[in-house]
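Residue numbers (my numbering): 36 to 730. Each residue gets a CB set at the ideal place from its N, CA and C atoms; glycine is no exception. All of these numbers come straight from a predicted model, not from anything done at the bench.
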């Protein structure tokens, strides 16, 4: 996979590579037809045009052959199956798909998203193990989403890393719904904080695990019997360094700086320090002649581990900052390869694949880029994040989602689609996709008979969808613009660009305000109201919710309502929106559209809002400018003749036409510019230029 596979090529050899497939073999066309950068899809694959991933090619040379995984989904876009193929001829760099039963999966769900059955195959072709790994049937407490026990019809001796047969009552829960015991995994008790974080675990073998957290819920320490791990974080919660004490195998148990985390715009990797804090030893001194004596320091390559991940953030391989020389003839160096520290492959819900791992325990992070909690259930069987604990073998959370959703289980992970959705922190993920589709047809007629060519009109359409997974914490808003062109030769060309915006984050303009307040239920409407008209209309059709439908209808009937998006965003920026719930603010602005709030005096009442030497008024009536007219926003200095900005809707005095008009007055070097009689007029379909960049 990739340019490094070409015979006689000079491209450096990859430590890891992957490719996503949507439409089959027409996804990409190589400029050089002799090079096959992506694995071909077999005829069994079904192209998907709804954004779901139909297949993924994966090549991690350290763990075995390149593989191609094909996925299928149910009508709710939940993953229901995976098939595997191999077939790379390394000598000719050609791919001939060969289907195998290895790693095959089949999943079914109830209407709430709870898994009902999970069939999973292991590694027979390469590891020589039995094909069948798990044939699981999930049993739930009646009338709840709580898993009671799991039945496995596959003999326990086939594999020792999977879920095996359990007895009824294997799982127990507290009154909130958090897991408090797991008999099969020897977890006698699990204690939770009031914020949904694990406080203590007591295991059947006597091991006691304690955790502590800061005020934001970030883990500060972990203690497994006598070994304590301490986390040093920056102001935003990112782990900067790890300290360990009490581990006799590490500097005799002395307090040791174990790791230093490396970052760019996100985590890049880890530096292995192993610095003894209690007994650092002598620092060598060097005679520098006339300059005196200096302290020395050693720089050693190979201490930095950089992680390589796929589109989900799964850590597929880690490499050192040093290279490895390869000599085909045993003398001269022919080429260099990356020094791979660890490598692994995953099932869709995050379980490690048997026989496709290399020194997996050598790196702290794994599935979705989350930290592994191997001390709980074994290597790669537990993950921790800011707002959840997760078991990748069952595909379920251990704790409930603290934002209750009546339409899905509180234990559901990734909305049932782990190939598309990620949840590295337990925060909301809002995915908005806007797709532009164009089908071009050939021209008919024309040529020698002199008749003009007839152009069949192109088929052009636009459609979009919104997908929201709610939880607590900083929201992630991803807007994807896709352009699909099918040309005259039936070739599919797609371009796509995704914009990611963190909501509730001080670095962004937009704030979602109090949407996570208890009892607040209109998050989807609030997001749609701040999105393009196509999204609001599309969501109104899908949801059939009276609130959403009335909002869409209101936007059509009142031409200036779309401009409220700018005002709302501005208001969130000015106020921070943390002290003002989104519902209250939206309600105030909506009532102000008719310029009737507070007896016609608008959003801030008769006296307006005074800030410093300025007075702000918004959404107040102005009957003199015509029926339904008013001032949308006014900011002026309190002193007479001071600076002024007004944005109005109504009849312009000089023309009598309805529309927007803005007034600006300010002073510069003692000279006044503009006055209240000078107004710029704009038709109803336009917004005042001042607000265009805001929107």
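Considering residue i, what are the terminal residues of the beta strand (DSSP E) in which it resides?
i           : result
residue 412 : Unbroken run through residue 412 is the alpha helix (DSSP H), 409 to 412; no beta strand (DSSP E).
residue 781 : A query on residue 781 cannot be resolved here, the shown segment of the chain reaching from 36 to 730 and no further.
residue 116 : 114 to 124
residue 226 : 222 to 227
residue 352 : 350 to 361
residue 340 : 339 to 344
residue 168 : 167 to 175
residue 196 : It is not in any beta strand (DSSP E) - residue 196 carries neither H nor E in the DSSP assignment.
residue 294 : 291 to 298
residue 244 : 243 to 248
residue 156 : 150 to 156
residue 107 : 102 to 108
residue 216 : 214 to 217
Looking at the structure shown, is residue i part of a helix, part of a strand, or coil, going by DSSP?
i           : result
residue 453 : coil
residue 47  : coil
residue 270 : coil
residue 384 : coil
residue 203 : coil
residue 448 : coil
residue 190 : coil
residue 128 : coil
residue 326 : helix
residue 260 : coil
residue 178 : coil
residue 85  : coil
residue 615 : Because the pLDDT at residue 615 is just 31, under 50, the model does not fix this residue reliably, and the value given afterwards should be weighed accordingly. Three-state DSSP puts residue 615 in coil, outside helix and strand.
residue 183 : strand
residue 637 : coil
Under the DSSP definition of a beta bridge, which residues are partnered with residue i?
i           : result
residue 706 : 703
residue 94  : 52
residue 401 : None; residue 401 has no bridge partner.
residue 521 : 474 and 527
residue 671 : 650 and 679
residue 279 : 264 and 291
residue 418 : 407 and 425
residue 134 : 120
residue 237 : 224 and 243
residue 656 : 665
residue 143 : 152
residue 393 : 378
residue 644 : 651
Since residue i and residue j should fall inside the 8 Å C-beta cutoff, what is the C-beta to C-beta distance between them, to a whole number of angstroms?
i           : j           : result
residue 124 : residue 137 : Contact doesn't hold; Cβ gap of about 19 Å is too wide.
residue 734 : residue 378 : Within the shown structure, residues of the chain are numbered from 36 to 730, placing residue 734 beyond reach of any answer.
residue 457 : residue 348 : 6 Å
residue 265 : residue 251 : In fact, because the Cβ distance is near 16 Å, the residues do not count as touching under 8 Å.
residue 116 : residue 141 : 5 Å
residue 279 : residue 262 : 7 Å
residue 341 : residue 304 : 4 Å
residue 119 : residue 102 : 6 Å
residue 443 : residue 148 : 5 Å
residue 664 : residue 685 : 3 Å
residue 293 : residue 309 : 6 Å
residue 221 : residue 238 : 5 Å
residue 189 : residue 169 : 6 Å
Does at least one heavy atom of the ligand MG sit under 7 Å from the Cβ of residue i?
i           : result
residue 522 : Within the structure as shown, the ligand MG is missing, as the structure has no ligands at all.
Using beta carbons (cut-off 8 Å, strictly below), is residue i in contact with chain D?
i           : result
residue 235 : The chain labelled as chain D is not found in the depicted structure, where only one protein chain is given.
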